[in-house]
Amino acid sequence: SYTKKGQVKEKKDVSNSSQKYSTTALFALCRTYGCIIARWGGSGKADIVGRASSSSSSRQSSDVSSSDATDKADPLVQSLLNVMCFSTPIVKTLWAIIQSDQHVVSDLYALIDENKATSPIRCLTIRPRYERTGVLSLVSRRDDGNLGSTVLYVFLCCLAHALILTDDIELHDMNKPLPPHQIRRCVLVLKKLLYRACCLDSVKLPKESSSSCVSNYFGLALIAAASRTMRDMYDRSSRRPLCPPKLWLVEDLLEKEIRRCKSRDDYVSLLSLPVLRVCPFLVSFKRRLRLFERIVTTDRISIQGSNDTHDLQPGVAVRIMRGRVLEDGLIHLNNLGGNLRRRIVVQYISHAG
């Protein structure tokens, strides 16, 4: 009797192992956990992109999103992330699905491709796979309910949470939480997503779709998670390179905008662009340094004038005793106040005059 029971058990194990692996349950969990983390994780309320030229409709949309999400992370969300990241191989599993599942890949291509975009990323919603048609009837949706963005969001939240306890040795030498070559692939995906969210959503999309769209807590949380993860990996790469520096950059980003600037106010206005506030690592360091240099130079010219334009402003005369250069210099500099940015004309005097 014991042998027969053992044979039956072995047959059941063989039949179970031969079944094809299905991702349906995993996708359902991603939608559930993604909704919980986006709504109560603290990043689905504020629009970190927040263009300065937003209209009244965008302000109304932000009010809608703020009523659906919290501005502080709930402790239960942190507990959920702890269980997901440190008790399951969810980071590697979701990243493998992102690169292999046909539906997920097609959704992500439509998400990051600027030519296929139909609505801003901030307006994305996390929708169920099934919709209710009656009291007790559920019908499968024809679309997958933003499946690609849902899986990507849960992956980014888990990756960012796992990186908190991951040091550089584990990341580079022990392939935790992902191997470095997979990190580089992740950088390419997130770079395109952030570039579209910060630079293209309100520029290349039709005005009707960008103005009438209502911000959703899931879309705002997805942008925040992508920015947080990319910034963490960029800081780590600054200490020990994860990839070539060019991999982080978007070619010729802000080059045309800098060339169009003529005055100090024009250069300063570039600092409020979303790309410099949310993801400055997409702009090359030399270009950011040139922007800073132009702001300092134009500010100095506007106050002091320039020899090139023959409009030098009169400076502030300061008389310094030759034997008391340090003492007199400190006294006069402390008394300049708002005139400290003007030209200082130093006159050296001695006991003879």
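Each step along the sequence shown adds one to the number in our numbering, with nothing skipped, and position 253 is 235.
All C-beta atoms in this analysis are idealised placements derived from N, C-alpha and C, irrespective of residue type, glycine included.
The structure displayed is predicted, hence computed values, not measured ones.
Residue 331: first and last residue of the uninterrupted beta strand (DSSP E) it sits in: For the purposes of this step, residue 331 is taken as residue 349 along the sequence shown, with counting starting at 1. Per DSSP, residue 331 belongs to the beta strand (DSSP E) from 326 to 331.
Distance cut-off 6 Å: residue 157 Cβ against heavy atoms of the ligand NAD: You won't find the ligand NAD in this model; it holds no ligand whatsoever.
Of the listed residues 140, 81 and 156, nearest to residue 130 (C-alpha basis): As a working mapping, residue 130 is identified with position 148 in the sequence shown. Comparing Cα-Cα distances from residue 130 to each of 140, 81 and 156, the minimum goes to 81.
Secondary structure of residue 169, DSSP reduced to three states: Against the sequence shown, residue 169 aligns to sequence position 187. Reduced to three states, the DSSP call for residue 169 is helix.
Beta-carbon gap between residue 200 and residue 28 smaller than 7 Å: Numbered from its first residue, the sequence shown carries residue 200 at position 218. Numbered from its first residue, the sequence shown carries residue 28 at position 46. No.
DSSP state of residue 87 mapped onto helix, strand, coil: Locating residue 87 in the sequence shown gives position 105, where the first residue counts as 1. Looking at residue 87 - three-state DSSP - the assignment turns out to be helix.
CB of residue 260 within 7 Å of CB of residue 30, strictly: Numbered from 1 along the sequence shown, position 278 holds the residue referred to as residue 260. Numbered from 1 along the sequence shown, position 48 holds the residue referred to as residue 30. Yes.
Contacting residues, own chain, Cβ-Cβ under 6 Å from residue 175 (five flanking each side not counted): On the sequence shown, residue 175 is found 193 positions in, with the first residue counted as 1. Correct list, in chain order: 94 and 208.
Through-space distance from residue 285 to residue 277, alpha-carbon basis: Here residue 277 refers to the residue found at position 295 of the sequence shown. Here residue 285 refers to the residue found at position 303 of the sequence shown. The straight-line gap from Cα to Cα measures roughly 12 Å.
Burial state of residue 206 (16 or more Cβ within 10 Å): In the sequence shown, residue 206 corresponds to position 224, counting from 1. Buried, since its Cβ has 16 or more Cβ neighbours within 10 Å.
N-terminal and C-terminal residue of the beta strand (DSSP E) that residue 300 is part of: In the sequence shown, counting from the first residue as 1, residue 300 sits at position 318. Residue 300 -> beta strand (DSSP E) spans 298 to 303.
Where residue 68 falls, given that 16 or more other Cβ within 10 Å makes a residue buried: For the purposes of this step, residue 68 is taken as residue 86 along the sequence shown, with counting starting at 1. Around the beta-carbon of residue 68, fewer than 16 other beta-carbon atoms lie within 10 Å, marking it exposed.
Presumed contact (8 Å Cβ cut-off) between residue 103 and residue 183, rounded CB distance: The residue given as residue 103 occupies position 121 in the sequence shown. The residue given as residue 183 occupies position 201 in the sequence shown. Their Cβ separation, rounded to whole angstroms, is 6 Å, which keeps residue 103 and residue 183 in contact under 8 Å.
Check whether residue 105 and residue 17 have beta carbons under 7 Å apart: As a first step, residue 105 is located in the sequence shown; it is residue number 123 there, counting from the start. As a first step, residue 17 is located in the sequence shown; it is residue number 35 there, counting from the start. Cβ atoms of residue 105 and residue 17: not closer than 7 Å.
Helix, strand or coil at residue 109 according to DSSP, with G and I counted as helix: Looking up residue 109 in the sequence shown gives position 127. Three-state DSSP puts residue 109 in coil, outside helix and strand.
Alpha carbon of residue 136 to alpha carbon of residue 59, nearest angstrom: Within the sequence shown, residue 136 is the residue found at index 154, counting from 1. Within the sequence shown, residue 59 is the residue found at index 77, counting from 1. The alpha-carbon atoms of residue 136 and residue 59 are separated by roughly 12 Å.
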